[in-house]
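J.:
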Amino acid sequence: MKNTGTKSSQLYPAVLIALLIFAASLQAQGPLMRFPDIHENLIVFVHGEDIWSVSAEGGVANRLTMHDGQERFPKFSNDGSLIAFSAEYDGNTDVYVMNRFGGEISRVTYHPSGDAVIGWHPEKNKIIFSSSRKNFPRLGQLYLISPDGTANFS
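Following our numbering, the numbering of the sequence shown begins with 13 at its first residue and continues without gaps.
Printed below as a string of structure tokens:
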């Protein structure tokens, strides 16, 4: 019997199967920690589309949100008492705030354009967010809004 295959062609399926198994195991671990922010010794981040916090020294992370929608871009207020973040709970991304320890979430923006939290104004107790509400979808502008939702968008 004549051997027409090479060792590399026989090895290819085994390597492909090993890579597929490895990729599946990584996918089973879930998404990585994303969008971290720190205030003093507390870190907030997104994992599995929810917001978590953990001490900067390490330890067990605490889940702050548990919703069907995606949460992104958590940012501590200047005094560290609040966390502003963007979330898509009802098909649209808006700005929300909550206590640094979780609990009740308050919606801050109500606009059909997506709103992405950038941070907090360094001298005012206002959230900075990006939105394309006055421009074409790809040309976002920065806006300021109070944690209670009051703003002047003129």
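Note that beta-carbon positions come from the ideal geometry of N, C-alpha and C, so glycine has one too. These numbers were taken from a predicted model, which means no experiment stands behind them.
Quick one, which of Glu83, Asp91, Met110 and Ile140 has its alpha-carbon nearest Gly60's?
T.: The shortest C-alpha separation from Gly60 is found at Glu83.
J.: How is Arg75 classed by DSSP in three states: helix, strand or coil?
T.: Strand, per DSSP.
J.: Which residue or residues does DSSP assign as beta-bridge partners of Asn111?
T.: DSSP, once it has assigned bridges, lists Leu94 and Gly114 as partnering Asn111.
J.: For Tyr155, does the three-state DSSP call read helix, strand or coil?
T.: Strand.
J.: For Asp160, which residues of its own chain have a beta-carbon under 7 Å away from its beta-carbon, when the five flanking residues on both sides are left out?
T.: Nothing listed; no residue qualifies.
J.: Around the C-beta of Phe113, are 16 or more other C-beta atoms found within 10 angstroms, so that it is buried, or is it exposed?
T.: Label assigned to Phe113: exposed.
J.: Once DSSP output is grouped into helix, strand and coil, what is the label at Arg174?
T.: Residue coverage of the chain in this structure runs from 13 to 166, which leaves residue 174 outside it and unanswerable.
J.: Does the beta-carbon of Asp127 have 16 or more other beta-carbons within 10 angstroms, so that it is buried, or is it exposed?
T.: Answer is buried; the Cβ neighbour count reaches 16.
J.: Thinking just about the alpha-carbon of each residue, which of His51, Tyr101 and Leu44 is nearest to the one in Ser93?
T.: When each option's Cα is compared against that of Ser93, the closest is His51.
J.: Assuming Thr143 and Gly152 make a contact with CB atoms under 8 Å, what is their CB distance in whole Å?
T.: What sits at residue 143 in the sequence shown is Ser, not Thr. Right, their Cβ atoms sit about 6 Å apart.
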